[in-house]
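Remarks on the structure that follows.
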Amino acid sequence: MTSPLQQKLKVTGPVVVTANRLGDGAVVYRAADGTWTKDLAVAVVVTTTPAALELLAAATTEKVAVVDAYVAPVELTTQQQVLPGNLRERIRSSGPTVALPGQG
Amino acid sequence: MYIYDDFDRTLVQERVREFGDQVNRRLSGELTEEEFKPLRLMNGVYLQLHAYMLRIAIPYGTLSSDQMRMLAHVARRYDRNYGHFTTRQNIQFNWIKLKELPDAMADLARAGLHGMQTSGNCVRNVTTDQWAGVAPDEIEDPRIWAELLRQHLTLHPEFSFLPRKFKVALTAAAHDRAAVKIHDIGLRMHRNGAGETGFEVIVGGGLGRTPFIGKTIKPFLPKRDLLSYVEAIMRTYNQYGRRDNIYKARMKILVHELGAEKFAGEVEEEWQSIKDGPLALDPAVVADIAARFRYPQYELLADNPSELARAREDNRFRLWLDNSVTNHKVAGYAIVTLSLKPEGGPPGDATAAQMDTIAELADRYSHGEIRVGHEQNLALPHVAQRDLPTLWRALDGIGVATPNVNLISDIIACPGLDYCSLANARSIPVAEEITRRFRDLDLARNVGPLHINISGCINACGHHHIGHIGILGVEKNGEEYYQVTLGGRADDSAELGTILGPAVPYAEIADVVEDIATAYLELRARPGELFVDTVQRVGVDPFRERVYAAR
Amino acid sequence: MPLVKAGRIVEDRFVRVVDDAPVPDGAAAILPAARFLADAHELVLRQAPIGVVWPNDRKVAELAPYLDWIALVALVFPNFRDGCAYSQARLLRERYHFRGELRATGQILRDQCLFLQRAGFDAFELTKAADAPAFVAAVQRYSVFYQPAADGRASTLTARLARVPQHSPS
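Right, dumping it as structure tokens:
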């Protein structure tokens, strides 16, 4: 039940703002141009609490595009590739860890 | 099963139109998410990790073959070709798009299916014995009463915005297969000294983060008073249930804080004012509902036909027959459970292709009727015993004849972190790994009846508290851990499980289950002693010692 | 915040009196519960209509002695998810036979108006202006009612018995 939506924000590493798209629930990330993208590589990455709060505030003014925007951790590889920062975000980004019935 | 009339059909269609309008208002921005959320929840629409989820009600677990085909259609057209049967005898689709929901619901309505009150702070799908109407041990068909309750509590103007969700279950059998003691209201039918049947009313049960076994507040309620008494309970809850704290809002907390006796007193006072009003059930009204239930025309058949005796020579058939086929109240017939727990598969899932075949087999062998049990398996309730060998081959062909019903690999699990935004840990891969460890059915049969229940968080959708082995996913420093309880049970001697010891990491949980099974084989008094009875007799300490000795 | 009665937007003829402010002479007035109870013996003598705002955590039984001369009871929905006042409304109508105006106040969406009407409300202070013109369509959305409530509509259970014998179910 410690959904990220309920957690108090304290940024200690690279983070992005993520949400679910209203029309279909797809996982999206806030991009630099203020749009939403399904591609984590295009997401804005910030590293401080004020920057994250600013990004989140801009995202939450949108009432129709997305639902439940929040700040999620990411990992930066040495090649500056952006990866989800924990298991929950990995699952959000790549889908269930198990084979879907009839498709495995 | 209950056959909809024009009233029932009209209501569902009106609901579809209302929800379509609400979705459009949300998509246009007229409704905020905060306003829309309770409205969509009341129609069974959740937002999960990567998509919306739609939960469809299957009242008292009874489905027609046409309804099953419609579920297959929705799985194909609007989802990813499968659905998940839940512990509340519902089905969930995991990949629905909000903008397509009104169309999906309109399709479902054509088969009399809907998502009304499958979520939200209202009265949820009334559940009962999945073998209602065919079980040899029931005193009457509880679905008549479940249907009366379903209608009374559907879009009830007073009880659609309760402090929290509200669950009702009903059984009329000697053996409680509906887990009535862990519901907000549990109803158990009894026959009194005068030969009349009535209801024992049990309140305040529930799992979640504060589990309680329900308490009896009325040992025998006459049938005519069913609706008025339930109304009195709900009115008491709606007025006094806590709304200040979501974790204390369930009725079990109110019953606990007031005490069952004081709560019963409040209900009684309210009930006295309304029991002789319009809710008193006229026998003609009950007869009218009962007349809307369609029962099969059974043939006059004898038990154990020759076809069966011959087929028993096939070892695989015999194993399945002994495991998955149960006595029917009518001679020559049987109840067949379809295991949705294949080795290495997610518990409770069925593909669209499986659903279509099951519908076809139901038409051919089960008078067009299918049941959904809270153990997340399906059943064909009216199968002539002579058809069992043919049916078995067909079921085996689509992978729903694993002879593991009630065994250690018949695992009940919530969707967990693979789907659910509330979860702390995954459930499905844990279940899948345990089924692999016990793929040897000789081992599973030697262990005997054993229920494993897995929940991915404290909300306990997998009912871990009442699992003989309960597994609860928790999060520790960003890692998945699992807390194990032993000795829970949901039957007549309902008990909550006892914690075994410190939570173990993901990589070890299947080992722990194996260790527990091994310990049980050493500790049991004799081969026939059930796992849960051994736990009750020796306590959890001997299990704890064995499991943690090597950790 | 539009007030809807009998399906139409109407002007609110009641004045809201806050805390200890004087009750205006000759005007219809709505008082907070505590003030009303304290001054009930004087208020009963007034000619102009009196209403009371009744909180959702207080038993409506306390109001019973006054209901034959109160013109209006305003029940409160602190947010649209809090349904406590539905029970209060039904009790006021069905148990205590209150016949005056029963007004729903606080956070109310059009999606709740039919439930409110069925629970006995006949006046609605709608949170959103756009919901007022949509009110009539919203309360006419359903034609089937599974259970009896405060609105006197027949439930399907009895409606089924009342109609002509039908064909066997198909």
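Chains as they are written, first to last, in my numbering: chain A, 374 to 477; chain B, 134 to 684; chain C, 182 to 351. Backbone N, C-alpha and C fix where the C-beta goes; we use that ideal spot for every residue, glycine too. These figures come from a predicted structure and were not determined experimentally.
To the nearest angstrom, how far is the alpha carbon of I379/B from that of R451/B? Locating residue 379/B in the second sequence gives position 246, counting from the first residue. Locating residue 451/B in the second sequence gives position 318, counting from the first residue. Distance between the alpha carbons of I379/B and R451/B is about 50 Å.
Compute the distance between the beta-carbons of R257/B and F226/B, then report whether it is under 8 Å. Taking the second sequence and counting its residues from 1, one reaches residue 257/B at position 124. Taking the second sequence and counting its residues from 1, one reaches residue 226/B at position 93. Against a cut-off of 8 Å, the Cβ pair of F226/B and R257/B comes out as no contact.
Contact residues within the segment 539–564 of chain B, judged by C-beta distance below 8 Å to chain A: L550, D551, Y552, S554, L555, N557, R559, I561 and P562
Relative to the C-alpha of Y247/C, which candidate in L224/C, T339/C and R262/C has its C-alpha closest? Taking the third sequence and counting its residues from 1, one reaches residue 247/C at position 66. Measuring from the Cα of Y247/C, the nearest candidate turns out to be L224/C.
Taking P275/B and M322/B to be in contact with their CB atoms under 8 Å, please state how far apart those CB atoms are, rounded to whole angstroms. Walking along the second sequence from the start, residue 275/B turns up at place 142. Walking along the second sequence from the start, residue 322/B turns up at place 189. The C-beta distance from P275/B to M322/B rounds to 6 Å, short enough to meet the 8 Å contact threshold.
Contact set between A311/C and chain B, taken where Cβ atoms lie within less than 8 Å: The residue labelled residue 311/C in the question sits at position 130 within the third sequence. Those are E163, listed as they occur along chain B.
Under 8 Å between C-beta atoms of I567/B and I591/B: Translated into the one-based positions of the second sequence, residue 567/B becomes position 434. Translated into the one-based positions of the second sequence, residue 591/B becomes position 458. Cβ distance not < 8 Å, so I567/B and I591/B don't count as in contact.
Could you give the distance in angstroms between the alpha-carbon of D141/B and the alpha-carbon of A285/C? Start at 1 with the first residue of the second sequence, and residue 141/B comes out as number 8. Start at 1 with the first residue of the third sequence, and residue 285/C comes out as number 104. Their backbone Cα atoms lie some 30 Å apart in a straight line.
Got a sec, what are the start and stop residues for the alpha helix (DSSP H) N116/B sits in? Residue 116/B cannot be examined here, being either before or after the span of chain B that is shown, 134 to 684.
Report yes if the CB atom of T349/B is closer than 8 Å to the CB atom of A311/B, and no otherwise. Here residue 349/B refers to the residue found at position 216 when the second sequence is read from its first residue. Here residue 311/B refers to the residue found at position 178 when the second sequence is read from its first residue. No.
Nearest-angstrom beta carbon gap, T308/C and Q288/C [assumed within contact, 8 Å]: Locating residue 288/C in the third sequence gives position 107, counting from the first residue. Locating residue 308/C in the third sequence gives position 127, counting from the first residue. About 5 Å; that satisfies the 8 Å criterion.
Using a cut-off of 8 Å between C-beta atoms, extract the partners of H597/B located in chain A. To locate residue 597/B, count along the second sequence from 1; it is residue 464. Per Cβ cutoff of 8 Å: no residues; H597/B is ~15 Å from chain A at best.
Contact between the segment 225–245 of chain B and the segment 504–523 of chain B (3+ Cβ pairs under 8 Å): Not touching, per the Cβ criterion.
Cβ closer than 8 Å: which chain B residues qualify as neighbours of G396/A? Here the question's residue 396/A lines up with position 23 in the first sequence. Those are L160, K230, L231 and K232, listed as they occur along chain B.
If I'm right that A529/A touches R465/A with Cβ under 8 Å, what's the distance once you round it to whole angstroms? Past the edges of chain A, shown from 374 to 477, lies residue 529/A, and the structure says nothing about it.
Taking DSSP as the reference, what is the three-state secondary structure of Y211/B? Translated into positions along the second sequence, residue 211/B becomes position 78. In the structure shown, Y211/B sits in a helix (DSSP, three-state: H, G or I).
Given a cut-off of 8 Å, decide if Y639/B and G398/A are closer than it, judged by their beta-carbon atoms. As a first step, residue 398/A is located in the first sequence; it is residue number 25 there, counting from the start. As a first step, residue 639/B is located in the second sequence; it is residue number 506 there, counting from the start. No, Cβ-Cβ distance for G398/A and Y639/B is not below 8 Å.
State yes or no: is the C-beta of G337/B within less than 8 Å of the C-beta of V388/B? Taking the second sequence and counting its residues from 1, the one referred to as residue 337/B is at position 204. Taking the second sequence and counting its residues from 1, the one referred to as residue 388/B is at position 255. Cβ distance < 8 Å, so G337/B and V388/B count as in contact.
Quick check on S406/B: does DSSP put it in helix, strand or coil? On the second sequence, position 273 is the one that residue 406/B refers to. Note: S406/B maps to helix in three-state DSSP.
Of the listed residues A546/B, D529/B and A327/B, nearest to H507/B (C-alpha basis): Here the question's residue 507/B lines up with position 374 in the second sequence. H507/B has its Cα closest to that of A546/B, out of A546/B, D529/B and A327/B.
Top-ranked residue by Cα proximity to L187/B, from G177/B, Q181/B, Y193/B and L196/B: Looking up residue 187/B in the second sequence gives position 54. Out of G177/B, Q181/B, Y193/B and L196/B, G177/B has the C-alpha closest to the C-alpha of L187/B.
Do G458/A and P446/A come within 8 Å of each other at the CB atom, strictly closer than that value? Counting from one through the first sequence, the residue named residue 446/A turns up at place 73. Counting from one through the first sequence, the residue named residue 458/A turns up at place 85. Taking 8 Å as the Cβ cut-off, P446/A and G458/A qualify as a contacting pair.
What does a CB cutoff of less than 7 Å around D496/B pick up in its chain, not counting 5 residues either side in sequence? On the second sequence, position 363 is the one that residue 496/B refers to. Correct list, in chain order: S198.
What does N87/B touch in chain A if you count any residue whose Cβ is under 7 Å from its own? An answer regarding residue 87/B cannot be provided, because it is not within the stretch 134 to 684 covered by chain B.
Looking only at its chain, what residues have a beta carbon closer than 8 Å to the beta carbon of Y409/A, apart from the 5 residues adjacent to it on each side? Against the first sequence, residue 409/A aligns to sequence position 36. Checking the sequence, you will find Trp at residue 409/A rather than Tyr. These residues qualify, in order along the chain: A392, R394, V401, Y402, R403, A438 and V439.
Status (buried if at least 16 other CB within 10 Å, exposed otherwise) for V505/B: Counted from its first residue, the second sequence places residue 505/B at position 372. Around the beta-carbon of V505/B, 16 or more other beta-carbon atoms lie within 10 Å, marking it buried.
Please report the distance separating the alpha-carbon of I211/C from that of Y193/B. Residue numbering aside, residue 211/C sits at position 30 when the third sequence is read from its first letter. Residue numbering aside, residue 193/B sits at position 60 when the second sequence is read from its first letter. Distance between the alpha carbons of I211/C and Y193/B is about 48 Å.
Of all the residues that make up the segment 283–299 of chain C, which are near chain B by a beta-carbon distance shorter than 7 Å? L290, D292, F296 and R299
Take every Cβ of the segment 284–298 of chain B, pair it with every Cβ of the segment 423–432 of chain B, and state whether three or more of those distances are shorter than 8 Å. no
For the candidate residues V313/B, G595/B and A365/B, whose alpha-carbon lies nearest to that of A564/B? Taking the first residue of the second sequence as position 1, residue 564/B is located at position 431. Checked all of V313/B, G595/B and A365/B; the closest Cα to A564/B is G595/B.
Could you tell me whether the Cβ atoms of L471/B and L528/B are closer together than 8 Å? Taking the first residue of the second sequence as 1, we reach residue 471/B at position 338. Taking the first residue of the second sequence as 1, we reach residue 528/B at position 395. Yes.
What do you reckon, are the CB atoms on M249/B and R148/B nearer than 8 Å? Walking along the second sequence from the start, residue 249/B turns up at place 116. Walking along the second sequence from the start, residue 148/B turns up at place 15. Result yes, Cβ atoms of M249/B and R148/B sit closer than 8 Å.
Identify the residues that DSSP records as bridge partners of W409/A: which are they? Numbered from its first residue, the first sequence carries residue 409/A at position 36. DSSP, once it has assigned bridges, lists R403/A as partnering W409/A.
Which chain A residues are close to D482/B, counting only those with a beta carbon under 7 Å from its beta carbon? For the purposes of this step, residue 482/B is taken as residue 349 along the second sequence, with counting starting at 1. Correct list: P474.
Which residues, in order along the segment 638–655 of chain B, keep a beta-carbon less than 8 Å from a beta-carbon of chain C? none
Helix, strand or coil for R519/B, going by three-state DSSP, please let me know. Walking along the second sequence from the start, residue 519/B turns up at place 386. It is helical.
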